[in-house]
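The structure under discussion appears below in the form of structure tokens.
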Amino acid sequence: MVMKMFDQSDLVTSNLDEKQKKQSLIATVSVIVLFILSAFTFMNFLYCLSDCIGSIVCASADVALRDAIRSVPLILSFFMTLAGLMVAHTFYRNESESKLRVRAKKHARIGIVIGAIIIAYVIIMRFAGTYLSLLEGSPSPLYPLDAVIYAAIFIVLGVIILIYLKKGSYAGASRPSIQTGGKFVRSFFRAIWLMIGLYGFCGFFYSIFIVDFRNGYVPYSLAMMLVSLVAFLTVAVWELFYNAFTAEKRRNITLPLAIVSLAVSVGSAFLYFLALKANLDGPANVGFGILPIAFSASVNFATLLVVATPLIVSVVALVKGIIRLIKK
Amino acid sequence: MKKNLFCIVLAAVMLLSCAGCAGGQSSAEHLEDYVFTVQYHDNFNILQLTDIHWNVNTSTKASMNYLDKLLKEVDGHIKKTQGEGAKIDLVELTGDMFMLANSYHLSTFIDYFETKAEEYGFLYAPVWGNHDRHSLYNPNELANRFKKAAHCVYYEPTDDLYGRSNYIINLTEDGTKNTSVAWMIAHLDSGASFSETELSVFRDYDYIRPEQTDWFIAEHALAGENVPAIAYYHIPQDENEKAWVAVTEQNADMKNKFFKLEGFADNGNEKYASDFIDRAKDHNLKAAFMGHAHNVDWTVEYEGVVIGLGVKTGTELYYAHINVNSDDKAMQDGLRSVGITENFDLIGASLVTLTGKDGSFDLEHLYYNERENGDFSAWVKW
């Protein structure tokens, strides 16, 4: 059934043979799985970072350092998973055979190195007494052993990718190349966009479990979940849905998609502020756990970021769509 | 199909709307429901642990090792000063037990306190801090675990009171509601923070709301107008700052002691000042203890009420290093008040001993530091 979806006209996969479709499917699924893993490890990373920043802000840099040393495997796990996501994304975009090999190899090697560092670090720190046991606990019952196992799995996957790149050939769907103009600025904003997407996804996922639909907080709870979901969808729609179309189709749908995206972003932002007006203590009482950046409990920064980013992305897409329309 | 989908969405919206409309019980009509009773005896010991702050970076094993030693020290001190039969009767956990934590921390924490409660024979009573809502667990999960824990005293109905942990422990002659109340121990949720408007970039720290004060006064009337009361909550209210200003800027003659090395981290906004102490003091409130600002354990007798922050427990997030050679005036003032002549960290616990039904009590601060060459321990009387 999934393969049939690939046959639809206007999709970059529509004229591929069975093997190519299978490869495209594996690449797409890998991107999705690694995005989800990245989102969870990103939340762990944000939690570690928020606590350390809190200690520094409160003039306890020694506590921040102690905590950071203990949580190095958690922090590195995020970057290792991100390297995995980059590998999968390189296959997914498949701009050209040469770019694919160079970039995928680079990211796979980065992932393997980070994984090796995690394993070595845990072993050294166990002997040094920083970890009282390999099953010391916190943030999970198996920590830091679970970080070692996770790293070992990524090392194995990284080695498999390197072997595949040496022997196999990938011929999955080609997608538009990432424009090179203003490379630094573009890379910076793409990274920020990705982080917000990860944050939005994880925020939405966790909110299902941790948002407390207590008396009086229902509108704010729903609005909180909505803005998180929209932040994630901004990434998912443009990266997975939009890029799945052929170049011509993309040109045609840029403007309508941007208008829909902007309408949804504006609508969700409006609903959020409306709900906030009704629950001015909402951010501190509902789903506060998904706002680790707002550590100090005194800044609405995280929510504003999640609300603002989809708006910015939609406006940029709208401008792009209008320019394309004029050029046409 | 579309019709079915519409019905499902409509039903979901109605269900959620109903959840939002459920007002819960009226606190004024259910005053008895908020009250637990525990048997009173002279020298009733209340240990305050505050701002333990278990988080994603915490080594819970190391933290539990510290708490093991701390509890042993307190138990030993009580037995030494009050006799072998004396013990910790009640542990007050005054908020920020967690921050950036998850269900694992929550389970481990409650399991730990259950084990220790069994070992030392105490009950423990938690109040919420601002960061206890700042974790990857559902706050209801924490509330339900507290409710179910065998040695935990906790009540949280769906009601018209602001916050979660608003409840009373009455110390009575025989531990039941049938005999007179000797002391009333009130627990209030001082909230977390709030935005002044929906477009505010910053949030203010929360405060004890007027309806909570009304509830306290009603509960006190139920216990008996002459019953002495103590309140435990997390965020300092405006009286702490008022007392500090009176002592430091107006040279007011108020008994005060211990350290104040940072602000009280209250909202500092007159518009949102709490009326709690101001009104509760006319209802036999003898003392109010809180946490929140880790570098402060400053205590003052203000308009007849002893108001003080507990000593921060453990080394999570931040704490002050007390240096006897420091040029900092606040640190030197604190050192002079406690009479300690060596460097130490401002972590430990606070002990209140109810010495009589007349409202008399003793207060001691314990500074307890783990050290490789033998732990540091200093008890300082109020």
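Chains U and R supply the protein sequences, listed in that same order. The first sequence begins at 79 in the numbering used here and counts up by one. The second sequence begins at 2 in the numbering used here and counts up by one. Cβ atoms here follow ideal geometry from the backbone N, Cα and C, with glycine treated the same way.
Which residues in the same chain as residue i place their Cβ atom closer than 6 Å to its Cβ, once the five residues preceding and following it in sequence are excluded?
i	result
Thr119 (chain U)	Ser155, Phe156, Thr159
Leu304 (chain U)	Ser346
Lys358 (chain R)	Ala183
Pro388 (chain U)	Val308, Ala309, Thr312, Ser343
Tyr368 (chain R)	Phe345, Gly349, Ala379
Met65 (chain R)	Tyr113
Ser116 (chain U)	Thr159, Leu160, Leu163, Leu276
Ile111 (chain R)	Arg146, Ala150
Just to check my reading of the structure: residue i and residue j have Cβ atoms closer than 8 Å, yes? What is that Cβ distance to the nearest angstrom?
i	j	result
Ser343 (chain U)	Ser392 (chain U)	5 Å
Ala294 (chain R)	Phe362 (chain R)	That pair is no contact at about 23 Å.
Ala105 (chain U)	Ala166 (chain U)	6 Å
Asp145 (chain U)	Leu101 (chain R)	No, Asp145 (chain U) and Leu101 (chain R) are not in contact; Cβ-Cβ is about 11 Å, not under 8 Å.
Just the Cα atoms here: how many angstroms apart are residue i and residue j?
i	j	result
Ile190 (chain U)	Gly399 (chain U)	40 Å
Asn257 (chain R)	Phe291 (chain U)	43 Å
Phe345 (chain R)	Leu336 (chain R)	10 Å
Leu124 (chain R)	Asp90 (chain R)	6 Å
Ser374 (chain U)	Gly315 (chain R)	Only weak support is given to the placement of Ser374 (chain U): the predicted model assigns it a pLDDT of 47, under 50, and the value that follows is read from those uncertain coordinates. C-alpha separation (whole angstroms): 19 Å.
Ala219 (chain R)	Glu226 (chain R)	10 Å
Gly360 (chain R)	Ile131 (chain U)	43 Å
Tyr209 (chain U)	Ser102 (chain U)	43 Å
Met302 (chain U)	Ala139 (chain U)	33 Å
Ala29 (chain R)	Gln213 (chain R)	10 Å
Thr381 (chain U)	Lys149 (chain R)	34 Å
Leu354 (chain U)	Glu85 (chain R)	55 Å
Val90 (chain U)	Ala325 (chain U)	8 Å
Arg148 (chain U)	Asn58 (chain R)	7 Å
Met121 (chain U)	Asn56 (chain R)	13 Å
Leu318 (chain R)	Leu310 (chain R)	17 Å
Glu242 (chain R)	Asn324 (chain R)	25 Å
Whose C-beta lies closer than 7 Å to the C-beta of residue i among residues of the same chain, with five residues either side of it excluded?
i	result
Lys80 (chain R)	Ala87
Gly375 (chain R)	none
Asp76 (chain R)	Lys88, Ile89, Tyr121
Tyr221 (chain U)	Glu214, Gly215
Glu263 (chain R)	Ala294, Asn296, Val297
Leu162 (chain R)	Ser28, Glu212, Gln213, Trp216
Pro151 (chain U)	Ile196, Tyr199, Val200, Pro222, Ala225
Lys183 (chain U)	Leu240, Leu243
Val248 (chain R)	Met255, Asn257, Val301
Thr356 (chain R)	Asp43, Asn44, Phe362, Asp363
Asp239 (chain R)	Asp267, Ala274, Ser275
Ala224 (chain R)	Asn171, Val182, Met185
Please name the residue in the options whose C-alpha comes closest to that of residue i.
i	options	result
Thr381 (chain R)	R:Ser201, R:Trp299, R:Tyr41	Before going on, a small fix: residue 381 (chain R) reads as Val here, not Thr. Nearest C-alpha to Val381 (chain R): R:Trp299.
Ile360 (chain U)	U:Val111, U:Tyr298, U:Tyr320	Correcting the residue type first, residue 360 (chain U) is Gly in the shown sequence and not Ile. Among U:Val111, U:Tyr298, U:Tyr320, the Cα nearest to that of Gly360 (chain U) belongs to U:Tyr298.
Tyr234 (chain R)	R:Asn56, R:Val128, R:Tyr320	R:Val128
Asn44 (chain R)	R:Gly292, R:Gln83, R:Ile53, R:Pro211	R:Gln83
Ile401 (chain U)	U:Leu352, U:Thr332, U:Phe348	U:Thr332
Lys313 (chain R)	R:Leu352, R:Glu33, R:Thr109	R:Leu352
Asp190 (chain R)	R:Val339, R:Leu94, R:His42, R:Leu32	R:Leu94
Ala230 (chain R)	R:Lys62, R:Tyr168, R:Asp133	R:Tyr168
Glu371 (chain R)	R:Asp69, R:Tyr35, R:Asn56	R:Asp69
Asp95 (chain U)	U:Ile188, U:Asn363, U:Ala251, U:Leu143	U:Ala251
His135 (chain R)	R:Ala244, R:Ala232, R:Glu115, R:Ala193	R:Ala193
Gly365 (chain U)	R:Pro140, R:His152, R:Arg210	R:Pro140
Val234 (chain U)	U:Ala194, U:Ile202, U:Pro217	U:Ala194
Val39 (chain R)	R:Tyr155, R:Glu304, R:Lys282	R:Tyr155
Ile337 (chain U)	U:Leu349, U:Tyr228, U:Arg253, U:Val394	U:Val394
Ala386 (chain U)	U:Tyr295, U:Ala269, U:Tyr350, U:Val397	U:Tyr350
Ala356 (chain U)	R:Ser60, R:Pro158, R:Leu200	R:Leu200
Arg253 (chain U)	U:Ile274, U:Cys126, U:Ala269, U:Phe319	U:Phe319
Leu352 (chain U)	R:Ala63, R:Arg280, R:Thr198	R:Thr198
Residues in the same chain with beta-carbon distance under 8 Å from residue i, minus the five sequence neighbours each way, listed in chain order, please.
i	result
Ser104 (chain R)	Leu137, Tyr138, Glu142
Asn270 (chain R)	Asp205
Check the DSSP bridge columns for residue i and list the partner residues they point to.
i	result
Gly349 (chain R)	R:Tyr368
Asn46 (chain R)	R:Thr354
Phe277 (chain R)	DSSP lists no partner for Phe277 (chain R).
Phe99 (chain R)	R:Trp55
Cys75 (chain U)	The structure shown has nothing for residue 75 (chain U), since chain U only spans 79 to 406.
Glu326 (chain U)	Partner(s): none; Glu326 (chain U) has no beta bridge.
Gln40 (chain R)	R:Thr173
Ala321 (chain R)	According to DSSP, Ala321 (chain R) bridges with nothing at all.
Trp129 (chain R)	DSSP output for Trp129 (chain R) lists no bridge partner at all.
Lys258 (chain R)	R:Thr300
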